[in-house]
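Peer 1:
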Amino acid sequence: MDVLISASILNSDLANLEKELRRAESAGADMIHLDVMDGVFTESITFGDYVVRSLRPHTKLPLDTHLMVNDPTSLIPLFVNAGSDIITIHAESKCDVTACLKMIKSLGVKAGISANPETDVNEIFRYLPLCDSVLIMSVKPGAGGQAFKEESLRKIKAVREEADRLSVHLDVEVDGGINEITSPLVFNAGAKIAVVGTYLLNAPDMAQAIKLIRNAALQDAPL
Ligand code: DX5
Ligand code: ZN
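The sequence shown begins at -15 in the numbering used here and counts up one residue at a time.
1. Go ahead and label S28 buried or exposed: buried means 16 or more other beta carbons lie within 10 angstroms of its beta carbon, across all protein chains shown.
2. Who are the near neighbours of Q130 in its chain, counting only those whose CB is closer than 8 Å to its CB and skipping five residues on each side?
3. Please name the residue or residues paired with H153 in a DSSP beta bridge.
4. Please report the distance separating the alpha-carbon of V64 from that of F132.
5. According to DSSP, is T182 helix, strand or coil?
6. In the DSSP assignment, find the unbroken alpha helix (DSSP H) run with V64 in it and report its ends.
7. Is it true that the CB of V24 sits closer than 7 Å to the CB of N54?
8. How is V53 classed by DSSP in three states: helix, strand or coil?
9. Could you compute how far the alpha carbon of Q203 sits from the alpha carbon of S58?
10. In terms of residue numbering, what span does the beta strand (DSSP E) encompassing M(-15) cover?
11. What does DSSP give as the partner residues of K94 in its beta bridges?
12. Buried or exposed: which applies to E135, given that a residue is buried once 16 or more other Cβ atoms fall within 10 Å of its Cβ?
13. Answer yes or no: the CB of L(-6) versus the heavy atoms of ligand 1, is any distance below 6 Å?
14. Measuring alpha carbon to alpha carbon, tell me which of T26, R6, L62 ends up nearest H42.
15. Quick one, what's near ligand 2 if you take every residue whose CB is closer than 5 Å to any heavy atom, in chain order?
16. What is the C-beta distance between V35 and S68, in whole angstroms, given that I count them as a contact (C-beta under 8 Å)?
17. Ignore the nearest five residues each way along the sequence and tell me which others in N163's own chain have a CB closer than 6 Å to its CB.
18. Is any heavy atom of ligand 1 found at a distance shorter than 6 Å from the C-beta of V35?
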């Protein structure tokens, strides 16, 4: 199965973002994952649309923008204008989720819905027909470098099965704690896109680490 690697720059050298983008792109990443945090939905604050706009000319890769914010409604047009290619909002955000997903699509970019580890996956099924991707959080949102939560495998499988049952063409993406051990498990469960942060940043050779993750999709790992 062909899989996609979305390189998260959250734990990279944020003082040298241009260099970090080039490093991920030349190592073979398929997308750049941008973690936007507002200090309300998450404890930390990261960056906003002005930073995304500055990054846009420095990579050809799609910008996979993950909005971990309390209310994404007014932010969506800003991130579209800044150059995001995919905008993922959270089912737990305080907004009209359906209206926000429709707004993302109407502005011409791909729409994603994300569910936190404690959220019942059935709660997001109603949004599937409006989505291009579903981002299953396999860690608590807010920080890189956490351990993968095994319970997310069941959720990946459930979303994949429900989307197939509804004949909805979407990709399942997984975010948090992905490495050479957990990647075969998530791909085998039905994930198509893996967000990978600290594993790539800590790898002695990022290109090799990306290859290892990609090859994991070919392994037959038990669930
Ligand atoms: C966590 C973020 C993740 C994070 C993943 O809130 O959404 O995208 O950067 O990083 P790792 O791969 O280190 O778990
Ligand atoms: Zn993320």
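Don't be surprised by glycine CBs; every beta carbon is placed ideally from N, CA and C.
Peer 2: On the basis of the supplied data:
1. exposed
2. Correct list, in chain order: V123, K124, G160, G161.
3. Bridge partners of H153: none, in fact.
4. 30 Å
5. helix
6. 60 to 66
7. yes
8. coil
9. 42 Å
10. It is not in any beta strand (DSSP E) - M(-15) carries neither H nor E in the DSSP assignment.
11. I70
12. Result: exposed.
13. Set against 6 Å, the gap from the CB of L(-6) to the closest heavy atom of ligand 1 is smaller.
14. R6
15. D19, H50, D159
16. Contact flag wrong, Cβ pair sits at about 12 Å.
17. Y183
18. no
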